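Engineer: Line by line, the protein sequences are chains A and B.
Under the working numbering, think of the first position of the first sequence as 2, with each following residue one higher.
Under the working numbering, think of the first position of the second sequence as 53, with each following residue one higher.
Glycine residues also receive a C-beta, built at the ideal position from the N, C-alpha and C atoms.
If you're wondering where the values come from, they're calculated on a predicted model, not measured in any experiment.
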Amino acid sequence: MGIRVVIADDHPMTRAGLVATLEREADFEIVGTASDGIEAWRIIREKTPDVALVDIRMPGEDGVSLVRRVKDSGLPVSSLMLTSYDAKQYVMASLRAGAKGYILKTASPEDLAGAIRTVAKGGIYLDAEISRVVGGQEIVPEALSNREREVLILTSKGLSSKETAGHLFISERTVQTHLASVYDKLGARNKTEAMLLALKYGVMTLEELIE
Amino acid sequence: MKRRLLAVLTFAILLPSVSVLLTAGVGIFQHQRAIQTVARTYVQDLAESTASRVEMGWGLTESLFSAKPPSQFGGNRFFAGGVGIPGWIAVLDSQGRVVMSTPGAQILAKLWQPQMPIGQAIETKNEEDEAFTVAVYPAGTTGLFVIAAVSWKELLGPMLRFGLLWPILVGLVGLAGLVGVYALWKAVISPLKSLEEEVSSLEWGKDLPNPRDEAAVAEIGKLREEFFHLAQTAIDRATLWKRYALDLVRVQEDERSSLARELHDGPLQDVTAMIQRARLAAIADTEEAGRTRHLDLLEEAAQSAVREIRSLCDELSPPWLELGLAGSLTELAERLSRQLGIKILVEADSGVAEDLSKERIIALFRVAQEALHNSARHGGAQEVSVRLFREEASLVLELEDFGSGFDVPADLARLRVLGHRGLANMEERMALVGGILEVESTPGQGTRIRARVPAE
Numbered sequence: 002m003g004i005r006v007v008i009a010d011d012h013p014m015t016r017a018g019l020v021a022t023l024e025r026e027a028d029f030e031i032v033g034t035a036s037d038g039i040e041a042w043r044i045i046r047e048k049t050p051d052v053a054l055v056d057i058r059m060p061g062e063d064g065v066s067l068v069r070r071v072k073d074s075g076l077p078v079s080s081l082m083l084t085s086y087d088a089k090q091y092v093m094a095s096l097r098a099g100a101k102g103y104i105l106k107t108a109s110p111e112d113l114a115g116a117i118r119t120v121a122k123g124g125i126y127l128d129a130e131i132s133r134v135v136g137g138q139e140i141v142p143e144a145l146s147n148r149e150r151e152v153l154i155l156t157s158k159g160l161s162s163k164e165t166a167g168h169l170f171i172s173e174r175t176v177q178t179h180l181a182s183v184y185d186k187l188g189a190r191n192k193t194e195a196m197l198l199a200l201k202y203g204v205m206t207l208e209e210l211i212e
Numbered sequence: 053m054k055r056r057l058l059a060v061l062t063f064a065i066l067l068p069s070v071s072v073l074l075t076a077g078v079g080i081f082q083h084q085r086a087i088q089t090v091a092r093t094y095v096q097d098l099a100e101s102t103a104s105r106v107e108m109g110w111g112l113t114e115s116l117f118s119a120k121p122p123s124q125f126g127g128n129r130f131f132a133g134g135v136g137i138p139g140w141i142a143v144l145d146s147q148g149r150v151v152m153s154t155p156g157a158q159i160l161a162k163l164w165q166p167q168m169p170i171g172q173a174i175e176t177k178n179e180e181d182e183a184f185t186v187a188v189y190p191a192g193t194t195g196l197f198v199i200a201a202v203s204w205k206e207l208l209g210p211m212l213r214f215g216l217l218w219p220i221l222v223g224l225v226g227l228a229g230l231v232g233v234y235a236l237w238k239a240v241i242s243p244l245k246s247l248e249e250e251v252s253s254l255e256w257g258k259d260l261p262n263p264r265d266e267a268a269v270a271e272i273g274k275l276r277e278e279f280f281h282l283a284q285t286a287i288d289r290a291t292l293w294k295r296y297a298l299d300l301v302r303v304q305e306d307e308r309s310s311l312a313r314e315l316h317d318g319p320l321q322d323v324t325a326m327i328q329r330a331r332l333a334a335i336a337d338t339e340e341a342g343r344t345r346h347l348d349l350l351e352e353a354a355q356s357a358v359r360e361i362r363s364l365c366d367e368l369s370p371p372w373l374e375l376g377l378a379g380s381l382t383e384l385a386e387r388l389s390r391q392l393g394i395k396i397l398v399e400a401d402s403g404v405a406e407d408l409s410k411e412r413i414i415a416l417f418r419v420a421q422e423a424l425h426n427s428a429r430h431g432g433a434q435e436v437s438v439r440l441f442r443e444e445a446s447l448v449l450e451l452e453d454f455g456s457g458f459d460v461p462a463d464l465a466r467l468r469v470l471g472h473r474g475l476a477n478m479e480e481r482m483a484l485v486g487g488i489l490e491v492e493s494t495p496g497q498g499t500r501i502r503a504r505v506p507a508e
């Protein structure tokens, strides 16, 4: 049985290109296309696809809100964010909203197909271009302590050091010490990279991030 | 009332003055007439009674009268005593020679005129222009005449003098009042009027009023000086704003031309290359290897165009601003951290800027962007801390570096004119969204900038 895909993008050319690209793959079935967030939501509810390929910027309802709506509805639909922007905060926002992956529009057809297959199976996909910025070559990160993981998860949810400290009943300084250690172990330079790398290496799961 | 002040003042001073003058004049006229009547009756009675005594006492001794000196007559004692009020009596013969007289009555001989009416008092004047009331009476059949006179000068002098002084004083008071009104007009009302005219016709920020008015009182002079200073300040402000506007236009034009240059040198070249490669691929359909190469190069040019346009977009107005202030600041910090090679720590309390309007997000974002660049470029900072938090009713964006610091100028707006736009821009952006910018810096110790907007 093929992977059923809905495509939501407000640019007709891009939409047509995506359809043409995905139709070449034998295991994909395009069950619907939408040109704005509202139409996309209607089709997703109607067809319950395996994967919703969602543009981050759309009229009506933007991609991040749509993804959050899909997640909140509990439908068994994996959202894959598709965008022109390489800003990592989009990735953060998408993942926090419940997207399973993030891919740039400039990605190759092979990468796009791979991404769809990955999220359809319940995995996480982060665009190679962003991953490249993030990680460099693959490494096996040193294991994080439980406290470090807790600090990383809370920080990734968007809490400040002070708030994280309050949550865990530790000092702000301790939070920062833990974070510095996390960065070091994952090879990250900042919070965003730490979160993306933790997801990439499976140190942290998407469920932990959005629960 | 305001406009007729002068008329009212003049009227208020003139009305009592004139009425006092008029009533005093009428009084004096009446008084003079009464005195005249009294004087006439008096001299008439005096002349008549003296004439009857002359007639009875020594009317038949005419020969003796003429033979003896007047002092030896029986009436001598009467004449020697004089009269009670300033006046004189004399007995004249028909030729006008003095037969008998009271002391000092020589004056009567001079007043005597043959055509004087008999038995009726008249007013007359002597050569010195002094007024007298004179009456002539015949002493029966003796052929003698009695002449009696009173001097106005001596009788009424003091009364007349004081009576006349009164209206003069009142007149002087009125005059002084008018002089006062004139002075008030000259030194207060007229300068105020001219000041008012200047103020109302002044083109603010362009004209200067007269700095001084010599005729005006000190207070109005001071007012005028203050006004002059205000107008001067307005002109300075206008000049500043004009240069300001020119500067804004210049910056805008600079940005446009730099954008055009970037578009021309970047994406335009890429797209041109894409067209070339597409054409080459189209004509190379028989030669498989060359075609693939053209298509690879076409994609490469397209990827390059996308990267360049993306970075242009980020530079112009980052699309990720829609992710909210905290996300935008994090993204900015990570990018600048790489670009400038400094450490930037962002701490944003969760949900702190969630309901912030788009305008405020952009304004705060630009402030952070400018401040981070300044810290690295001018302050040589290695580490900058960015904090976003609530403080009472404000949302505060705080940027603190440990760079070289600087002396904070009192007026950031003036910096723009001097070509240092950064701080001035930050302050303006905050002001535009109802916020304020606080800059604290000490040379050698770093800088702390706080951008504060009312929490929504």
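List, from N- to C-terminal side, the alpha helix (DSSP H) runs of 4 residues or more that fit wholly inside the region 236–314 of chain B.
Structural biologist: 242–253
Engineer: If you count every other CB in all the chains shown that lies within 10 Å of the CB of residue 460 of chain B, and 16 or more means buried, which is it?
Structural biologist: Walking along the second sequence from the start, residue 460 of chain B turns up at place 408. So residue 460 of chain B ends up on the exposed side.
Engineer: Determine the contact status of residue 203 of chain B and residue 156 of chain B, defining contact as a CB-CB distance below 8 angstroms.
Structural biologist: The count along the second sequence starts at 1 and reaches residue 203 of chain B at position 151. The count along the second sequence starts at 1 and reaches residue 156 of chain B at position 104. Contact: no.
Engineer: Measuring only the C-alpha atoms, how far is residue 306 of chain B from residue 294 of chain B?
Structural biologist: As a working mapping, residue 306 of chain B is identified with position 254 in the second sequence. As a working mapping, residue 294 of chain B is identified with position 242 in the second sequence. C-alpha of residue 306 of chain B to C-alpha of residue 294 of chain B: approximately 18 angstroms in a straight line.
Engineer: Measuring alpha carbon to alpha carbon, tell me which of B:61, B:160, B:467, B:171 ends up nearest residue 179 of chain B.
Structural biologist: Counted from its first residue, the second sequence places residue 179 of chain B at position 127. Nearest option by C-alpha distance: B:160.
Engineer: Determine which residues share a DSSP beta bridge with residue 488 of chain B and list them.
Structural biologist: Against the second sequence, residue 488 of chain B aligns to sequence position 436. In the DSSP output, where bridge partners are listed per residue, residue 488 of chain B has B:504.
Engineer: Which two residues bound the contiguous beta strand (DSSP E) that contains residue 38 of chain A?
Structural biologist: The residue given as residue 38 of chain A occupies position 37 in the first sequence. Looking at the DSSP string, residue 38 of chain A is not in any beta strand (DSSP E); the run it does join, the alpha helix (DSSP H), is 38–48.
Engineer: Compare the C-beta of residue 160 of chain A with all C-beta atoms of chain B and state if any pair is closer than 8 angstroms.
Structural biologist: For the purposes of this step, residue 160 of chain A is taken as the residue at position 159 of the first sequence. Answer yes: the Cβ-Cβ gap between residue 160 of chain A and chain B drops below 8 angstroms somewhere.
Engineer: Going by C-alpha to C-alpha distance, which of B:411, B:462, B:494 sits closest to residue 508 of chain B?
Structural biologist: Residue 508 of chain B sits at position 456 when you count from the first residue of the second sequence. If we check each option's Cα against that of residue 508 of chain B, B:411 comes out closest.
Engineer: Where does residue 115 of chain A sit, in a helix, a strand or coil, going by DSSP?
Structural biologist: Working through the first sequence from its first residue, we reach residue 115 of chain A at position 114. In the structure shown, residue 115 of chain A sits in a helix (DSSP, three-state: H, G or I).
Engineer: Which of the three DSSP states is assigned to residue 57 of chain A in this structure?
Structural biologist: The residue labelled residue 57 of chain A in the question sits at position 56 within the first sequence. Correct three-state label for residue 57 of chain A: coil.
Engineer: Contact criterion: CB-CB distance below 8 angstroms. Does residue 85 of chain A meet it with respect to chain B?
Structural biologist: Numbered from its first residue, the first sequence carries residue 85 of chain A at position 84. So, interface residue.
Engineer: Could you check whether residue 54 of chain A and residue 9 of chain A sit closer than 8 angstroms to each other, using their CB atoms as the reference points?
Structural biologist: Position 8 of the first sequence holds residue 9 of chain A. Position 53 of the first sequence holds residue 54 of chain A. Yes, Cβ-Cβ distance for residue 9 of chain A and residue 54 of chain A is below 8 angstroms.
Engineer: Under a CB-based cut-off of 8 angstroms, is residue 389 of chain B close to chain A?
Structural biologist: One-based indexing of the second sequence puts residue 389 of chain B at position 337. Yes, contact with chain A.
Engineer: Do you know offhand how far residue 52 of chain A's Cα is from residue 5 of chain A's?
Structural biologist: Numbered from its first residue, the first sequence carries residue 52 of chain A at position 51. Numbered from its first residue, the first sequence carries residue 5 of chain A at position 4. The straight-line gap from Cα to Cα measures roughly 6 angstroms.
Engineer: In the region 370–387 of chain B, which residues sit with their C-beta less than 8 angstroms from some C-beta in chain A, listed in chain order?
Structural biologist: 370, 371, 372, 374, 375, 378, 379, 380, 382, 383, 385, 386
Engineer: Measure from the C-beta of residue 253 of chain B to each C-beta in chain A and report whether the shortest distance is under 8 angstroms.
Structural biologist: As a working note, residue 253 of chain B is residue 201 in the second sequence. Not closer than 8 angstroms to any Cβ of chain A, the Cβ of residue 253 of chain B fails to qualify, so no.
Engineer: Give the secondary structure of residue 190 of chain B by DSSP, where H, G and I count as helix, E and B as strand, and everything else as coil.
Structural biologist: For the purposes of this step, residue 190 of chain B is identified with residue 138 of the second sequence, where counting begins at 1. Strand at residue 190 of chain B.
Engineer: Would you identify the three-state DSSP class for residue 101 of chain A, choosing helix, strand or coil?
Structural biologist: Translated into positions along the first sequence, residue 101 of chain A becomes position 100. Annotated three-state conformation of residue 101 of chain A is coil, per DSSP.
Engineer: Within 8 angstroms (strictly less), CB to CB, does residue 191 of chain A reach chain B?
Structural biologist: To locate residue 191 of chain A, count along the first sequence from 1; it is residue 190. Yes, its Cβ sits closer than 8 angstroms to a Cβ of chain B.
Engineer: Quick check on residue 214 of chain A - is its C-beta less than 8 angstroms from some C-beta in chain B?
Structural biologist: In the structure as shown, chain A begins at 2 and stops at 212. Residue 214 of chain A is therefore absent and cannot be evaluated.
Engineer: Buried or exposed: where does residue 108 of chain B fall if 16 or more other Cβ atoms within 10 Å of its Cβ makes it buried?
Structural biologist: Reading the second sequence from its first residue, position 56 is the one you call residue 108 of chain B. It counts as exposed.
Engineer: Thinking C-beta only, is residue 289 of chain B closer than 8 angstroms to residue 247 of chain B?
Structural biologist: Taking the second sequence and counting its residues from 1, one reaches residue 247 of chain B at position 195. Taking the second sequence and counting its residues from 1, one reaches residue 289 of chain B at position 237. Against a cut-off of 8 angstroms, the Cβ pair of residue 289 of chain B and residue 247 of chain B comes out as no contact.
Engineer: So who's on the other strand from residue 439 of chain B, going by DSSP bridges?
Structural biologist: As a working mapping, residue 439 of chain B is identified with position 387 in the second sequence. B:399, B:450, per the DSSP bridge assignment.
Engineer: Under the rule that 16 or more other beta-carbon atoms within 10 Å means buried, what is residue 264 of chain B, buried or exposed?
Structural biologist: Your numbering for residue 264 of chain B matches position 212 in the second sequence. Exposed: under 16 other Cβ atoms inside 10 Å.
Engineer: Please classify residue 520 of chain B: is it buried, with 16 or more other beta-carbons within 10 angstroms of its beta-carbon, or exposed?
Structural biologist: The shown model of chain B, from 53 to 508, leaves out residue 520 of chain B, and the question about it has no answer.
Engineer: Taking the straight line between their C-alpha atoms, what separation do you get for residue 403 of chain B and residue 315 of chain B?
Structural biologist: For this step, residue 403 of chain B is matched to residue 351 along the second sequence. For this step, residue 315 of chain B is matched to residue 263 along the second sequence. Those two C-alpha atoms are separated by around 38 angstroms.
Engineer: Which residues, taken in chain order from the region 61–83 of chain A, show a beta carbon closer than 7 angstroms to some beta carbon of chain B?
Structural biologist: If the cut-off is 7 angstroms between Cβ atoms, the region 61–83 of chain A has nothing near chain B.
Engineer: Among the residues of its own chain, which have a CB less than 6 angstroms from the CB of residue 103 of chain B, if the five just before and after it don't count?
Structural biologist: Taking the first residue of the second sequence as 1, we reach residue 103 of chain B at position 51. If you ignore the 5 residues before and after residue 103 of chain B, its C-beta comes within less than 6 angstroms of the C-beta of 189, 191, 198, all in its own chain and listed in chain order.
Engineer: When Cβ atoms are compared, which residues of the region 392–403 of chain B fall closer than 7 angstroms to chain A?
Structural biologist: Cβ contacts with chain A come from 399, 400, 401, 402.
Engineer: Quick check for students: name the residue ranges of the beta strand (DSSP E) that lie wholly in the region 143–200 of chain B, counting only runs of 3 or more.
Structural biologist: 150–153, 174–177, 183–190
Engineer: Where does residue 346 of chain B land, buried or exposed, given buried means 16+ other C-beta within 10 angstroms?
Structural biologist: Numbered from its first residue, the second sequence carries residue 346 of chain B at position 294. It counts as buried.
Engineer: What span of residues does the beta strand (DSSP E) with residue 82 of chain A cover, start to end?
Structural biologist: Numbered from 1 along the first sequence, position 81 holds the residue referred to as residue 82 of chain A. Element bounds for residue 82 of chain A: 79–84.
Engineer: In angstroms, rounded to a whole number, what distance separates the CA positions of residue 31 of chain A and residue 124 of chain A?
Structural biologist: Position 30 of the first sequence, counting from 1, holds the residue named residue 31 of chain A. Position 123 of the first sequence, counting from 1, holds the residue named residue 124 of chain A. Cα to Cα, residue 31 of chain A sits roughly 20 angstroms from residue 124 of chain A.
Engineer: Can you tell me the Cα-Cα spacing of residue 56 of chain B and residue 243 of chain B, whole angstroms?
Structural biologist: If you number the second sequence from 1, residue 56 of chain B lands on position 4. If you number the second sequence from 1, residue 243 of chain B lands on position 191. About 16 angstroms.
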